[in-house]
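K.L.:
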Amino acid sequence: MTLTFFAVAAVTVGVAVLFTVFPLLRNAQPERDRLQNELDALDEQIDDLDPADYAERRKALRLALKQPQTRDVGFGLIAALVLAVPLATALLYTKVGEPEGLTPDQAPVAELRAELIRIANRLERDPDDFDQWARLGMAYKAIEEFSSAAHALRRALYIDEQNTFIMVELAETLMFASQSTRIPAESISLLTRAVDIEPQNQKALWLLGISAFQESDYEQALSWWQVLDSQLSPGSVRDSVREQIRQTRSRLGNDQAAGSEPPPNLRHGTASAEPSAAAFLVELALDPSFEADLGGQESVFLIARAAEGPSAPLAVQRIQVRDLPTTLALSDSDAMVDGLNLSSFTDITLTARVSVGGTAEPQPGDLEGRAGPINILETPSIQILIGERLER
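Following this note's numbering, the numbering of the sequence shown begins with 4 at its first residue and continues without gaps.
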């Protein structure tokens with residue numbers, strides 16, 4: 004592959020050099036050509052000229068033809084172009100081409116793409132091969148091709164309708180594909196179905212707990228996560244689940260004392276009863292010019308994502324417009340997906356959005372404020388002003 008590329012490139016550059024210097028080669032001695040033409044014309048007029056005058060003029064032209072300075076200048080320019088064209092081509096390729104494409108890429112993504120080709124070839128021979136559809140879906144999911152992953156996992160689930168692993172993976176894939184702050188309804192349906200078949204499915208229990216927590220149904224969230232906790236052995240995973248249970252109990256206690264409103268971790272700079280140990284502080288405020296247009300009950304979503312990485316949120320909190328201005332503390336306890344949290348990434352982006360229509364998805368007319376990329380190790384807090392209206 005590399006040898007063929009260089010051979011084709013050399014031929015192409017050679018043709019370019021030829022077209023560049025050919026006009027100069029053809030006219031490399033314009034002065035000599037002019038003198039030769041004058042000499043030829045003089046010879047044609049030999050019968051009409053005085054012999055002495057003819058001999059003198061012919062001698063002068065012959066002497067001029069022997070002068071080499073014009074020839075040297077012309078070929079100096081040609082030599083410079085012969086060197087300059089290939090060098091300029093190579094420099095341009097390093098700037099706008101893909102030099103890394105000349106060497107085989109053995110990175111995991113490249114290996115996955117090669118595996119995709121092998122799986123597709125097998126499925127052409129046996130389109131009802133459950134294992135290959137499952138592998139295809141998981142490979143697409145690994146490279147974040149969520150639409151293709153969902154298609155392959157749906158096909159696998161069609162072949163094996165009771166496979167809880169595929170149900171849960173498809174549910175998570177649809178969640179990633181939606182890029183929403185809420186788990187999609189179809190995902191919840193798949194997760195519920197998986198738990199009905201396999202009550203101890205840990206990933207399904209975790210995601211169902213997240214969904215309930217997002218809807219402020221803290222009792223249901225506790226129910227899911229307590230079942231999950233009972234299955235886990237000591238370790239970081241169980242510690243994370245228990246921290247989330249503790250946070251949920253705190254929310255549930257505050258909710259019972261002050262109504263159904265889910266309070267943020269920090270309000271107007273005052274810490275909640277049990278703040279998370281490692282938190283990134285975000286000061287939120289609303290542009291005063293929008294206050295008259297809002298009633299106060301609209302939802303405000305604060306979403307943290309990796310600056311470079313998966314598009315799924317790392318942390319999400321929800322309050323209401325009447326709570327602004329306020330300070331929120333984002334931590335790993337606000338994660339939507341196990342393994343995707345603030346402590347896993349150094350650089351993040353933040354979006355604060357007032358949902359005028361009450362939906363989790365961004366809609367025309369919503370109000371937004373953004374910040375980032377931010378290095379959370381170097382910046383302990385940030386201010387965001389919500390002051391931009393989303394257009395169609």
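All residues carry an ideal CB built from backbone N, CA and C; glycine is no exception.
Relative to the alpha-carbon of residue 360, which residue among 179, 304, 189 and 142 has its alpha-carbon at the smallest distance?
P.N.:
304
K.L.:
If residue 320 sits next to residue 331, beta carbons under 8 Å apart, how far is it from one beta carbon to the other, in whole angstroms?
P.N.:
5 Å
K.L.:
In the DSSP assignment, the beta strand (DSSP E) including residue 200 goes from what residue to what residue?
P.N.:
Looking at the DSSP string, residue 200 is not in any beta strand (DSSP E); the run it does join, the alpha helix (DSSP H), is 188-200.
K.L.:
Which runs of the alpha helix (DSSP H), 4 residues or longer, sit entirely within the region 114-154?
P.N.:
Taken in chain order, the complete alpha helix (DSSP H) segments of 4 or more residues contained in the region 114-154 are 133-145.
K.L.:
Mind checking whether the beta-carbon of residue 164 lies closer than 7 Å to any heavy atom of the ligand NAD?
P.N.:
In the structure shown, the ligand NAD is absent, as is every other ligand, since no ligand is present at all.
K.L.:
On the premise that residue 231 lies in contact with residue 205, defined as a C-beta separation below 8 Å, what is that separation, rounded to the nearest angstrom?
P.N.:
6 Å
K.L.:
Just to confirm, is the Cβ distance from residue 307 to residue 345 under 8 Å?
P.N.:
yes
K.L.:
Taking only runs of the beta strand (DSSP E) that begin and end inside the region 320-395, which ones reach a length of at least 3 residues, in chain order?
P.N.:
329-333, 350-358, 370-378 and 384-389
K.L.:
Kindly indicate which residue of 188, 234 and 187 has the alpha-carbon position closest to the one of residue 208.
P.N.:
Minimum Cα-Cα distance from residue 208 among the listed residues 188, 234 and 187 corresponds to 234.
K.L.:
What do you get for residue 166, buried or exposed, if any count of 16 or more other CB atoms within 10 angstroms of its CB means buried?
P.N.:
buried
K.L.:
DSSP state of residue 280, grouped into three classes?
P.N.:
The pLDDT assigned to residue 280 is 36, lower than 50, so where the model puts this residue is not dependable; a value taken from the coordinates is nonetheless given after this. Residue 280 falls in the coil class under three-state DSSP.
K.L.:
Does the count of Cβ pairs from the region 183-199 and the region 136-154 closer than 8 Å reach three?
P.N.:
no
K.L.:
Please return the same chain residues whose Cβ sits closer than 7 Å to the Cβ of residue 177, not counting the five positions on each side in sequence.
P.N.:
153, 187, 189 and 190
K.L.:
Taking only three categories from DSSP, how would you classify residue 310?
P.N.:
coil
K.L.:
Given residue 328, which residues of its chain have a CB within under 8 Å of its CB, disregarding the five upstream and five downstream residues?
P.N.:
Once the five neighbours on either side are set aside, the close Cβ partners of residue 328 are 271, 286, 287, 288 and 289.
K.L.:
Quick one: measure Cβ to Cβ for residue 392 and residue 372, integer angstroms, because I've assumed they're closer than 8 Å.
P.N.:
Contact flag wrong, Cβ pair sits at about 11 Å.
K.L.:
Is it the case that the Cβ atoms of residue 200 and residue 229 are separated by a distance below 8 Å?
P.N.:
The answer is no: Cβ separation not under 8 Å.
K.L.:
For the alpha helix (DSSP H) containing residue 229, name the first residue and the last one.
P.N.:
Segment 221-234, the alpha helix (DSSP H) holding residue 229.
K.L.:
What residue range does the alpha helix (DSSP H) around residue 212 cover?
P.N.:
Element bounds for residue 212: 205-217.
K.L.:
Enumerate in chain order the residues of its own chain whose CB-to-CB distance from residue 217 is below 6 Å, with the five nearest sequence positions on each side excluded.
P.N.:
185
K.L.:
Taking DSSP as the reference, what is the three-state secondary structure of residue 318?
P.N.:
When secondary structure is reduced to three states using DSSP, residue 318 falls in the strand class.
K.L.:
Identify the continuous alpha helix (DSSP H) that holds residue 181 and give its terminal residues.
P.N.:
167-181
K.L.:
Look at the alpha carbon of residue 244 and the alpha carbon of residue 127, and state the distance between them as a whole number of angstroms.
P.N.:
43 Å
K.L.:
Cβ atoms of residue 162 and residue 138: under 8 Å apart, would you say?
P.N.:
no
K.L.:
Return the CA-CA distance between residue 124 and residue 222, expressed in angstroms with no decimal places.
P.N.:
48 Å
K.L.:
Under the three-state reduction of DSSP, which class applies to residue 301: helix, strand or coil?
P.N.:
Looking at residue 301 - three-state DSSP - the assignment turns out to be coil, as it is neither helix nor strand.
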